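Protein chains in written order, with my numbering: chain A, 3 to 278; chain B, 738 to 1142. From the three backbone atoms N, C-alpha and C, an ideal C-beta is built for every residue, glycine too. Note that the coordinates shown come from a computational prediction; the quantities given were computed from them, not determined experimentally.
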Amino acid sequence: MKKKLLILVIAVVTMSFTFLAGSIKIKGSDTLLPLVQKWAEAYMKLNPTTSISVTGGGSGVGIAALIDGSTDIATASRQIKMDEKLKLQEAGKAYVETIVAYDALSVIVNPENTVKKLTREQLEDIYTGKTTNWKDVGGPDLQIVAYSRESSSGTYDFFKEHVLKGKNFSSTCLMMAATASIVQSVGQTKGAIGYVGMAYVNSTVSDLSVSYDKGVTYIAPTMANAINKTYPIIRPLYFYYLKTLAATLKPAMTWVLGADGQKIVKEVGYVPLATK
Amino acid sequence: MKRRRSLVRRLIEKIIEGALTISSTVTSLAVLLIVIFLFKEGFSLFGDKPIEKDFVLAVSKYNNSVDLTSRQIKDIFDKKIVNWKEVGGFDRAITVFTINDIGAYFTDAELGDNLENLPLRINQLVAKDTGIIAYIPAKNIVKDFSGKKLKIDNVTLGGFLSGKEWFPTAQPIAQLGVLPMILGTLLVCIGAILLALPLGLATAIYMSEVANQRVRNILKPVIELLAGIPSVVYGFFGLVIIVPLVQHTFNLPVGETALAGSIVLAIMVLPTIITISEDALRTTPNAMREASLALGATKLQTIIRVVIPHSLLGLTAAVILGVGRVFGETMAVLMVTGNAAVMPHSFLQPIRTITATIAAELGEAPQGGLHYKALFALGCILFVITLITNLLVEWVSSKRKVAKN
Chain A
3 MKKKLLILVI AVVTMSFTFL AGSIKIKGSD TLLPLVQKWA EAYMKLNPTT
53 SISVTGGGSG VGIAALIDGS TDIATASRQI KMDEKLKLQE AGKAYVETIV
103 AYDALSVIVN PENTVKKLTR EQLEDIYTGK TTNWKDVGGP DLQIVAYSRE
153 SSSGTYDFFK EHVLKGKNFS STCLMMAATA SIVQSVGQTK GAIGYVGMAY
203 VNSTVSDLSV SYDKGVTYIA PTMANAINKT YPIIRPLYFY YLKTLAATLK
253 PAMTWVLGAD GQKIVKEVGY VPLATK
Chain B
738 MKRRRSLVRR LIEKIIEGAL TISSTVTSLA VLLIVIFLFK EGFSLFGDKP
788 IEKDFVLAVS KYNNSVDLTS RQIKDIFDKK IVNWKEVGGF DRAITVFTIN
838 DIGAYFTDAE LGDNLENLPL RINQLVAKDT GIIAYIPAKN IVKDFSGKKL
888 KIDNVTLGGF LSGKEWFPTA QPIAQLGVLP MILGTLLVCI GAILLALPLG
938 LATAIYMSEV ANQRVRNILK PVIELLAGIP SVVYGFFGLV IIVPLVQHTF
988 NLPVGETALA GSIVLAIMVL PTIITISEDA LRTTPNAMRE ASLALGATKL
1038 QTIIRVVIPH SLLGLTAAVI LGVGRVFGET MAVLMVTGNA AVMPHSFLQP
1088 IRTITATIAA ELGEAPQGGL HYKALFALGC ILFVITLITN LLVEWVSSKR
1138 KVAKN
């Protein structure tokens, strides 16, 4: 009995080691997680000898793992930061940065809200705390409740850079740990406004058209507008890996950036790279 | 044969003993290492500058307001302060410059193909515009720089504990003030204890003194089941049920408030308070109850005058353990309190707790960076709070032993 158990254990251990031999470890952004999982599933179906493990944790976690060598690919919803670059440099590791897809952010409000469009300047005033009532932007007399992602999320950084032009969010913004909580809260709070990845928008909230030219043209957050880049709030999603692994990862990267990989991007609700 | 068997038995005994010793040593070591690690990472924050590594803030050398607080720098970059005279300097409009703005001042040709002229151009810019404040990489500063670098103060323990603004990723100067979070944590916990205490003690008294055996047999497992529900489930329940309830009851613009957090936490901490205080109540010897009844006291009088005073120390321990649980709870609070880092002044506003901050932000904080260290320092504060509660429990239960003897 014991002998049999021992044999079984040995077999399992050896098997897992053989799997590890042809394996790719991917770690990083939670935004990219659903997409990378789909990619991994599809790619493993095509190449049964390759095993891919995907874990989330955040863009910072992914890049930290790349620095200490515990992952092959780091995924990030923001560009690598200066101090992270310096750390990679110190470790003597050259890296490759690849944009694998785009993510469009929708600005959402409660469906009962009559406001259907805002300019970037109005959004900035709302999130920096200058505008606090919907009547100031053409809506009902209702206090604005601004929802934001956590300060460490890549989505937060992007929104701050791109919509607030680098200004800080007001302290009174409600910081939610997950995108799904923002959708849930905006759906049940009348005066709420939030920003989420386009893929997360559902019928419990309504999305706003946004103008980046002071109110001349308002662009609705649709997939078509995102692909042709007329919709302004759109951000790149990155893969980071070491140059030494570039040759090993090349087939996988080619597939991801090719037609098959980009088709999955669209299915998951992100914006594919423009076809050349 | 017999001798050999006893030898084997003794050997096995020795091995098991050794294993027990090793495992206890490993556990204690692990705990010790974690604490050392926590404090080492947390305290390395003090002595760091709240500016990104290898970046400097520079102003024109004619500028006489060089002692800016980190708060003022943030307001300048948020364009809330637009003239130097507002911070005690000369009357000149402030020009905010970060390295990304360089394209607005110089053409690509002027900067050079590999940005080799960048340091020179920055120097020109700082020399030309006396109202400038520039946030630039230190390596792009030429030798005879025409501006002066702003002195950035280190993060101090006092500033960390008393600061009112939490912008750990703000550029150029991170704002690391944890006072709103400490107060928010205390507010939610006090609220939760105020709600859970009367309810929990009443239930414990009912179960131990009033209920008959059959009711108790049903109630006890049900209450213990409450303790087994994962906190994410409580959080979700709170977000979907309690938050809208609070919002509609008090007619608030937003339901994610300290009160919602307190209610969810109160429900979560009930099983701890109930089970421990029930156990404490049951330690009252039956002889004392019977003596009280025999003297003509009613059941209620017996409970209030005899049973509760006798188990008072046990009840205190239950309360303190409950408080500890409340302080350490993360997930549920994170989901229902709104996490706005503002100074709390009522139960009906969003607040932010220490645990929620750590849980939400650690994942994306660059490892070893300022933000990462600040979160560890927050962990230290939490550790100290829970340590104090645990010491209180020790102290109370040691008193109980003394009282019994």
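In this structure, Ile1010 (chain B) keeps its C-beta atom at 9 Å or more from the C-beta atom of Gly975 (chain B). Not flagged as an interface residue toward chain A: Asn860 (chain B), since no C-beta distance is shorter than 9 Å.
CA-CA distance, Lys132 (chain A) to Ile831 (chain B), rounds to 20 Å.
The Cβ-Cβ distance between Cys175 (chain A) and Tyr214 (chain A) does not fall below 9 Å.
Minimum Cα-Cα distance from Ser205 (chain A) among the listed residues A:Val111, A:Gly271, A:Thr157, A:Ala66 corresponds to A:Val111.
The three-state secondary structure of Val879 (chain B), taken from DSSP, is coil. Counting the other Cβ atoms within 10 Å of the Cβ of Leu989 (chain B) gives 16 or more, which makes it buried. Where Arg1042 (chain B) is concerned, there is no enclosing alpha helix (DSSP H), because DSSP gives it neither an H nor an E. Assigned with DSSP and collapsed to three states, Lys888 (chain B) falls in coil, not helix or strand. For Val139 (chain A), the CB contacts under 7 Å within the same chain, skipping 5 residues up- and downstream, are Val117, Leu120, Gln124, Thr133 in chain order. Taking the beta carbon of Met1072 (chain B) as reference, the chain A residues within 8 Å of it are Ala179, Ser183, listed in sequence order. Here Phe161 (chain A) carries a helix assignment [DSSP, helix/strand/coil]. For Gln186 (chain A), the closest Cβ of chain B is nearer than 9 Å. For Lys29 (chain A), the enclosing beta strand (DSSP E) starts and ends at 25 to 30. By the Cβ test, the region 768 to 775 of chain B is not in contact with the region 745 to 757 of chain B, since fewer than three Cβ pairs between them sit closer than 8 Å. With a beta-carbon spacing of about 6 Å, Val1006 (chain B) and Ala929 (chain B) fall inside the 8 Å limit used to define contacts. Under the three-pair Cβ rule at 8 Å, the region 68 to 87 of chain A counts as touching the region 240 to 252 of chain A. At least one CB of chain B lies nearer than 9 Å to the CB of Ser153 (chain A).
For the pair Phe1084 (chain B) and Ala995 (chain B), the CB atoms are nearer than the 9 Å cut-off.
Residues of chain B with a Cβ closer than 7 Å to the Cβ of Asn115 (chain A) do not exist; the shortest Cβ-Cβ separation is about 13 Å. Secondary structure at Gln145 (chain A): strand, using DSSP grouped into helix, strand and coil. Closest in alpha carbon position to Ser211 (chain A), among A:Val203, A:Ala201, A:Thr224, A:Tyr45, is A:Thr224. Its chain contains Gly1061, Phe1064, Gly1065 as the residues whose beta carbon lies nearer than 8 Å to that of Thr1123 (chain B), once the 5 sequence neighbours on both sides are disregarded; these appear in chain order. Straight across, the Cα-Cα distance linking Gly992 (chain B) with Leu913 (chain B) is about 27 Å. Excluding sequence positions up to five before and after Val270 (chain A), its CB lies within less than 6 Å of the CB of Pro36, Leu37, Lys40, all in the same chain and listed in chain order.
Residue range 968 to 974 is occupied by the alpha helix (DSSP H) that includes Gly972 (chain B), with no beta strand (DSSP E) assigned at that position. Within the region 1053 to 1080 of chain B, Leu1071, Met1072, Gly1075, Asn1076, Ala1077, Ala1078, Val1079 place their CB atoms closer than 8 Å to a CB of chain A, listed in sequence order.
Pairing Pro253 (chain A) with Ala103 (chain A) gives a Cβ-Cβ distance that is not under 9 Å. Under a criterion of Cβ atoms nearer than 9 Å, no residue of chain B is adjacent to Asn135 (chain A); the nearest Cβ is some 10 Å distant. A distance below 9 Å separates the beta carbons of Val863 (chain B) and Ala871 (chain B).
Going by beta carbons, Leu805 (chain B) and Leu887 (chain B) fall inside the 9 Å limit.
Taken atom to atom, the span from the alpha-carbon of Ser183 (chain A) to that of Met1072 (chain B) is near 8 Å. Going by C-alpha positions, Leu857 (chain B) is about 45 Å away from Thr57 (chain A). Per DSSP, the unbroken alpha helix (DSSP H) holding Gly189 (chain A) starts and ends at 181 to 190. Scanning the region 1077 to 1130 of chain B for uninterrupted alpha helix (DSSP H) segments of 4 residues or longer gives 1091 to 1098, listed from N- to C-terminal end.
When the beta-carbon positions are compared, Gly921 (chain B) and Thr1067 (chain B) stay at least 9 Å from each other.
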